[in-house]
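Asks: In the working numbering, the protein residues as written are 1 to 249.
Cβ coordinates follow ideal geometry from the N, Cα and C atoms, glycine included.
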């Protein structure tokens, strides 16, 4: 077990990131005799703490819930689960283990995760954008400054945006088909320059966990717990399996 007092000595002093070398003197390439003062912007302690907390808090429940949803869908579709497992085992064998490089060579696993996030988007009440000027859409006036919530779940199941949206089809996100998807129709991580800052980190965690899980176990739904469609609950921002996901390994 980790001892907080013993481990404290190994932590990085965040003050080193904020007070050291805020300005440095460098030579001008064209005028070697003329010094140039170059200023660097360092994060404050508050900014570092805020980003660290957000990284952990935002990535904990969201990632866990996504793993639950994905495991449920794979157990419900054993053919897709088996294809995913074969890809994982093949890559692990060829690469002599599960590494960052080997994870990048699992395109079908990528497709499975993307489709799971389409079918069950976890963040359903947090993707907002602020209207910067008054706008009217189909008779509805949107004043400047109003925040607009993006209805991710409804968009992900809209037949106008997706072919057969109630079917779980990972191939939607294959290299050949991804370009056919309307860019703004997929809101698993938001969109634009202010989308989820931890998207790549989340994808890495999801891929690693599922690869470890599927390379060792077969996921089977507990028939006593899952007798119909999965019931969903929601908190202020997140969707989750209302009664949990029950599997046999």
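With a CB to CB cut of under 6 angstroms and the five nearest residues on each side skipped, what residues in its chain are close to residue 68?
Replies: Here residue 68 refers to the residue found at position 68 when the chain shown is read from its first residue. Cβ within range, chain order: 241, 245.
Asks: What are the start and end residues of each continuous alpha helix (DSSP H) run of 4 or more residues lying completely inside the stretch 46-128, in chain order?
Replies: DSSP runs (the alpha helix (DSSP H)) wholly in the stretch 46-128: 78-95, 100-103, 107-119.
Asks: How would you write the range of the alpha helix (DSSP H) that residue 214 sits in, first residue to last?
Replies: Taking the chain shown and counting its residues from 1, one reaches residue 214 at position 214. First-last of the alpha helix (DSSP H) with residue 214: 199-214.
Asks: At what residue ranges does the stretch 127-188 contain a whole run of the beta strand (DSSP E), taking only runs of 3 or more?
Replies: Within the stretch 127-188, the complete beta strand (DSSP E) runs of at least 3 residues are 128-130, 135-137, 140-142, 147-149.
Asks: Take residue 161 and list the residues in its own chain whose beta-carbon comes closer than 7 angstroms to its own, dropping the five residues that flank it on each side.
Replies: Within the chain shown, numbered from 1, the residue matching residue 161 stands at position 161. Closer than 7 angstroms at the Cβ level, and outside the excluded window around residue 161, lie 155, 182, 185.
Asks: With a CB to CB cut of under 8 angstroms and the five nearest residues on each side skipped, what residues in its chain are close to residue 206?
Replies: For the purposes of this step, residue 206 is taken as the residue at position 206 of the chain shown. Only 63, 66, 67, 70, 113 meet the Cβ criterion.
Asks: According to the neighbour-count rule (16 or more other Cβ atoms, all chains shown, within 10 Å of its Cβ), is residue 135 buried or exposed?
Replies: Residue numbering aside, residue 135 sits at position 135 when the chain shown is read from its first letter. With fewer than 16 other Cβ atoms within 10 Å, it is exposed.
Asks: Under the rule that 16 or more other beta-carbon atoms within 10 Å means buried, what is residue 249, buried or exposed?
Replies: Here residue 249 refers to the residue found at position 249 when the chain shown is read from its first residue. Exposed, by the Cβ-count rule.
Asks: Please state the DSSP three-state secondary structure of residue 245.
Replies: If you number the chain shown from 1, residue 245 lands on position 245. Looking at residue 245 - three-state DSSP - the assignment turns out to be coil, as it is neither helix nor strand.
Asks: Between which residues of its own chain and residue 147 is the CB-CB distance below 6 angstroms, once the five residues before and five after are set aside?
Replies: Stepping through the chain shown from its first residue, residue 147 is reached at position 147. Cβ within range, chain order: 128, 130.
Asks: By Cβ distance below 6 angstroms, which residues in the same chain neighbour residue 149 in space, the five residues on each side in sequence not counted?
Replies: As a position in the chain shown, residue 149 is number 149, starting the count at 1. Result list for residue 149: 128, in chain order.
Asks: Using 8 angstroms for Cβ pairs, my map puts residue 58 next to residue 198. What's the rounded Cβ distance?
Replies: By 1-based counting over the chain shown, the position of residue 58 is 58. By 1-based counting over the chain shown, the position of residue 198 is 198. Right, the Cβ-Cβ distance comes to about 7 angstroms (below 8 angstroms), so this counts as a contact.
Asks: Rounded to a whole number of angstroms, what is the C-alpha to C-alpha distance between residue 215 and residue 74?
Replies: Counting from 1 along the chain shown, the entry for residue 215 is found at position 215. Counting from 1 along the chain shown, the entry for residue 74 is found at position 74. If you take the alpha carbons of residue 215 and residue 74, they lie about 13 angstroms apart.
Asks: Anyone know if the C-beta pair for residue 105 and residue 221 falls short of 8 angstroms?
Replies: As a working mapping, residue 105 is identified with position 105 in the chain shown. As a working mapping, residue 221 is identified with position 221 in the chain shown. Contact: no.
Asks: If you reduce the DSSP assignment to three classes, tell me which class residue 217 lands in.
Replies: In the chain shown, residue 217 corresponds to position 217, counting from 1. Note: residue 217 maps to coil in three-state DSSP.
Asks: The beta strand (DSSP E) spanning residue 234 covers which residue range?
Replies: In the chain shown, the residue the question calls residue 234 occupies position 234. Here the beta strand (DSSP E) through residue 234 covers 232-234.
Asks: Output needed for residue 259: all residues of its chain with C-beta closer than 8 angstroms, excluding positions within five of it in sequence on either side, in chain order.
Replies: Nothing about residue 259 can be read from this structure; the chain reaches only from 1 to 249.
Asks: Where residue 41 and residue 84 are concerned, what is the direct C-alpha to C-alpha distance, given to the nearest angstrom?
Replies: For the purposes of this step, residue 41 is identified with residue 41 of the chain shown, where counting begins at 1. For the purposes of this step, residue 84 is identified with residue 84 of the chain shown, where counting begins at 1. One C-alpha to the other measures close to 45 angstroms.
Asks: Assign residue 228 to one of three DSSP states: helix, strand, or coil.
Replies: Working through the chain shown from its first residue, we reach residue 228 at position 228. Correct three-state label for residue 228: coil.
Asks: Using the C-alpha atoms, what's the distance from residue 165 back to residue 238?
Replies: For this step, residue 238 is matched to residue 238 along the chain shown. For this step, residue 165 is matched to residue 165 along the chain shown. So the alpha carbons of these two residues sit roughly 21 angstroms apart.
Asks: According to DSSP, is residue 192 part of a helix, a strand, or is it coil?
Replies: Locating residue 192 in the chain shown gives position 192, counting from the first residue. Reduced to three states, the DSSP call for residue 192 is coil.
Asks: Distance, Cα to Cα, residue 94 vs residue 101?
Replies: Counting from one through the chain shown, the residue named residue 94 turns up at place 94. Counting from one through the chain shown, the residue named residue 101 turns up at place 101. If I take the Cα positions, the gap works out to 11 angstroms.
Asks: Suppose the cutoff is 6 angstroms on Cβ atoms and the five residues either side in sequence are ignored; what does the same chain contact list for residue 201 look like?
Replies: Along the chain shown, read from residue 1 onward, the residue named residue 201 stands at position 201. There are no such residues.
Asks: Is the beta carbon of residue 111 less than 8 angstroms from the beta carbon of residue 219?
Replies: Here residue 111 refers to the residue found at position 111 when the chain shown is read from its first residue. Here residue 219 refers to the residue found at position 219 when the chain shown is read from its first residue. Cβ atoms of residue 111 and residue 219: not closer than 8 angstroms.
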